[in-house]
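Scroll down for the structure; my scribbles are underneath it.
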Amino acid sequence: MGLLSKKDAKLITDPLADNNPITIQVLGICSALAITAELKASLVMGIAVLFVLSVGNVVISLMRNIIPSKIRIIVQLIVVAALVIIVDQVLKAFAFELSKTLSVFIGLIITNCIIMGRFEAFALANKPWQSFLDGIGNALGYAVILVIVGFFRELLGSGTLFGIPVLGDPIGSPETGPTGVYAFGYENNGFMLMPPMALIIVGLIIWVQRSRNKNLIED
Amino acid sequence: MAVNTDKNSYTIIFAVAMVLVVGSLLAFTASSLKPNIEENKRMEKQQNILYAMGINGNESTGDITFVSTDKVAEAFSENVSEQIVLEVKDGKILKEMTRDEFMKSKAQGAGKEPYLIDIKKEQAKAKNGESRFLPLFIGQQDNKTVYVVPIRGKGLWDAIWGFVALDEDMVVKGTFFDHAGETPGLGANIKQRYFMDDFYGEKLLTEAGVFKGIKVAKGNNDPVNNDKDDFEVDALAGATITGDGVSAMIKKDLKLYLPYFKNLKKNNN
Numbered sequence: 001m002g003l004l005s006k007k008d009a010k011l012i013t014d015p016l017a018d019n020n021p022i023t024i025q026v027l028g029i030c031s032a033l034a035i036t037a038e039l040k041a042s043l044v045m046g047i048a049v050l051f052v053l054s055v056g057n058v059v060i061s062l063m064r065n066i067i068p069s070k071i072r073i074i075v076q077l078i079v080v081a082a083l084v085i086i087v088d089q090v091l092k093a094f095a096f097e098l099s100k101t102l103s104v105f106i107g108l109i110i111t112n113c114i115i116m117g118r119f120e121a122f123a124l125a126n127k128p129w130q131s132f133l134d135g136i137g138n139a140l141g142y143a144v145i146l147v148i149v150g151f152f153r154e155l156l157g158s159g160t161l162f163g164i165p166v167l168g169d170p171i172g173s174p175e176t177g178p179t180g181v182y183a184f185g186y187e188n189n190g191f192m193l194m195p196p197m198a199l200i201i202v203g204l205i206i207w208v209q210r211s212r213n214k215n216l217i218e219d
Numbered sequence: 001m002a003v004n005t006d007k008n009s010y011t012i013i014f015a016v017a018m019v020l021v022v023g024s025l026l027a028f029t030a031s032s033l034k035p036n037i038e039e040n041k042r043m044e045k046q047q048n049i050l051y052a053m054g055i056n057g058n059e060s061t062g063d064i065t066f067v068s069t070d071k072v073a074e075a076f077s078e079n080v081s082e083q084i085v086l087e088v089k090d091g092k093i094l095k096e097m098t099r100d101e102f103m104k105s106k107a108q109g110a111g112k113e114p115y116l117i118d119i120k121k122e123q124a125k126a127k128n129g130e131s132r133f134l135p136l137f138i139g140q141q142d143n144k145t146v147y148v149v150p151i152r153g154k155g156l157w158d159a160i161w162g163f164v165a166l167d168e169d170m171v172v173k174g175t176f177f178d179h180a181g182e183t184p185g186l187g188a189n190i191k192q193r194y195f196m197d198d199f200y201g202e203k204l205l206t207e208a209g210v211f212k213g214i215k216v217a218k219g220n221n222d223p224v225n226n227d228k229d230d231f232e233v234d235a236l237a238g239a240t241i242t243g244d245g246v247s248a249m250i251k252k253d254l255k256l257y258l259p260y261f262k263n264l265k266k267n268n269n
């Protein structure tokens, strides 16, 4: 980390663990439940938020001294919405396939409370470079949890990872029958595909994290 | 320069300036990218119609690959031998137009390539009691004529749509489904091969010629869909409403074409 001072590096590493936006600040739960039924979607959402949050943080930080405090929330909302729409249009024009994959996420980004939360809590009071790092850090912290949840939900719910079957074929050909672990009577847990299971997995992550670091437990 | 950002006048000026800047930025982006976006959408429609017809770039059993964008225009004019537009009202065909007639027509929603007909607008016209246009794309599959028709309906969150290829007995010879915003991993899986392929060979009409449709059914004990006479395909887990939407749009939109296929049968016999 020769490039960054110790304080700056902390802006990136903190949200990855001890100040994670999902497990500690409990922000962005809505999208964590909705889109983590498969790993690919989780990853794509993580990247999309990474882009919007880091750029948005810089824009808000640059404007921090001229934003009227009475309407700052609306101003933040406009910045996110404008960024998201521009990204959406550019993708539709130049990367149509990708924009089809992203379709739902684009809309979901605007409603992501992490973005508004970081604008309000950090970018309004800090310089652009620090805000940029804070955006990267928080988006990565968000993406890590999404990928963990997506990994377990897709593996246990559909028996696939990134859409590729890893546990064998549950139906198989008529001659051989099911293959892989399905041959021993294993079945996919359809419940894992439902949003409540995402909440339970997030709960388990929070449990593991707090049992390893007692400082995180509030009285 | 110290500005008092709490003053009402400053707040209003800031708000107006912000709206102007963001508004013109968005307007500029949208208008400068519009030609590209339209072109992409046009090619996508051609790709989808060809896909339903069975013309694609699929290599393995799991993937969905379209005819590539640089070849799609050529492939479309080569494989779609005819585009027909029906004007219908209350289940009766008022007029049957060829592509050329439709492109010359001055009626609302006409005057363009039939595959660019906006199904959403046509459905709204029918709802208001007006006549609507039904496009049909005719091509060949295994030396037999297939008729591709568009369908459109509602999923859980947003619109779902697709194209269905039918033979003259209204047996499904291929499908393509797409959606605007169904849940990834659940409803969005209507766009997966294993779901689309299940429809192949399913019948829409009973022996007596009554329109029955195809139901996306839960627990039909036929997960690989060997039974082609049950008017059912296996549903997707966790996507009940999207599946019901698919059943509904098949039932509603394909039924509109029933008079055309009945005429076809009559003329052939």
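Protein chains in written order, with full-length UniProt numbering: chain A, 1 to 219; chain B, 1 to 269. All C-beta atoms, glycine included, are put in the ideal place defined by N, C-alpha and C. Bear in mind the structure is a predicted one, so any value in this text is a computation, not a measurement.
At 7 Å on the CB atoms, spell out the chain A contacts of residue i, in chain order.
| i | result |
| --- | --- |
| MET18/B | VAL75 and ILE78 |
| PRO184/B | ILE35, ALA37, GLU38, ALA41 and VAL104 |
| ALA180/B | SER103 |
| ASN221/B | The premise fails here: ASN221/B is roughly 13 Å from chain A at the closest Cβ pair, so nothing lies under 7 Å. |
For residue i, return the contacting residues in chain A, with the cut-off set at a CB-CB distance below 8 Å.
| i | result |
| --- | --- |
| ASP6/B | PRO68, SER69 and LYS70 |
| THR29/B | ILE85, ILE86, GLN89 and VAL90 |
| ASN40/B | LYS92, ALA93 and PHE96 |
| GLY238/B | ALA37, GLY190, LEU193 and MET194 |
| TYR10/B | PRO68 |
Taking only three categories from DSSP, how would you classify residue i?
| i | result |
| --- | --- |
| ILE93/B | strand |
| ALA237/B | coil |
| MET1/A | The pLDDT assigned to MET1/A is 46, lower than 50, so where the model puts this residue is not dependable; a value taken from the coordinates is nonetheless given after this. Note: MET1/A maps to coil in three-state DSSP. |
| GLY111/B | coil |
| MET105/A | The sequence shown places Phe at residue 105/A, rather than the Met named in the question. Of the three classes helix, strand and coil, the one that applies to PHE105/A here is helix, per DSSP. |
| THR23/A | coil |
| LYS215/B | strand |
| GLY139/B | strand |
| TRP161/B | strand |
| PRO259/B | helix |
| VAL84/A | helix |
| LYS104/B | helix |
| ARG132/B | strand |
| PRO68/A | coil |
| GLN89/A | helix |
| GLN123/B | helix |
| PHE96/A | helix |
On the CB-based measure, 16 or more other CB atoms within 10 Å of its CB, does residue i come out buried or exposed?
| i | result |
| --- | --- |
| ASP229/B | exposed |
| MET1/A | Note that MET1/A scores a pLDDT of 46, beneath 50, so its modelled location is shaky; the value from the coordinates is reported in the next line. Flag for MET1/A reads exposed. |
| GLN76/A | buried |
| LYS173/B | buried |
| ARG118/A | buried |
| GLU5/A | Reading the sequence as shown, one finds Ser at residue 5/A and not Glu. With fewer than 16 Cβ atoms within 10 Å of its Cβ, SER5/A is classed as exposed. |
| GLU39/B | exposed |
| SER211/A | exposed |
Tell me residue i's beta-bridge partners as DSSP assigns them.
| i | result |
| --- | --- |
| LEU166/B | TYR147/B and VAL172/B |
| GLU120/A | The partner list for GLU120/A (beta bridge, DSSP) is empty, contrary to what the question assumes. |
| GLU232/B | LYS215/B |
Are residue i and residue j close, meaning C-beta to C-beta below 7 Å?
| i | j | result |
| --- | --- | --- |
| ILE117/B | ARG152/B | no |
| GLY139/B | SER81/B | yes |
| VAL79/A | ILE110/A | no |
| LEU94/B | SER131/B | yes |
| LEU16/A | LEU216/A | no |
| TYR142/A | VAL49/A | yes |
| LEU39/A | LEU156/A | no |
| GLY148/B | ALA52/B | Rather than Gly, the amino acid found at residue 148/B in this sequence is Val. Yes, these two residues count as a Cβ contact at 7 Å. |
| SER54/A | PHE132/A | yes |
| MET249/B | LEU204/B | no |
| LEU146/A | THR13/A | no |
Could you list which residues in chain B have their beta carbon closer than 8 Å to that of residue i, in chain order?
| i | result |
| --- | --- |
| GLY180/A | By Cβ distance, chain B contributes nothing, its closest Cβ being about 16 Å from GLY180/A, past 8 Å. |
| GLY28/A | Under the 8 Å cutoff, chain B gives no residues; its nearest Cβ is about 16 Å from GLY28/A. |
| GLY107/A | GLY181 |
For a contact meaning CB atoms closer than 9 Å, what does residue i contact in chain A?
| i | result |
| --- | --- |
| GLU44/B | PHE96 and LYS100 |
| PHE102/B | In chain order: nothing, as chain A lies at least about 27 Å away. |
| ALA15/B | PRO68, ILE71, ILE74 and VAL75 |
| VAL22/B | ILE78, VAL79, ALA81 and ALA82 |
Along chain B, in chain order, which residues have C-beta atoms closer than 7 Å to that of residue i?
| i | result |
| --- | --- |
| ALA123/A | Within 7 Å Cβ-Cβ: nothing; ALA123/A doesn't reach chain B, min ~16 Å. |
When every heavy atom of the ligand MG is checked, does at least one fall within less than 6 Å of the C-beta of residue i?
| i | result |
| --- | --- |
| VAL171/B | As presented, the structure is devoid of all ligands, the ligand MG included, so that no description of it is given. |
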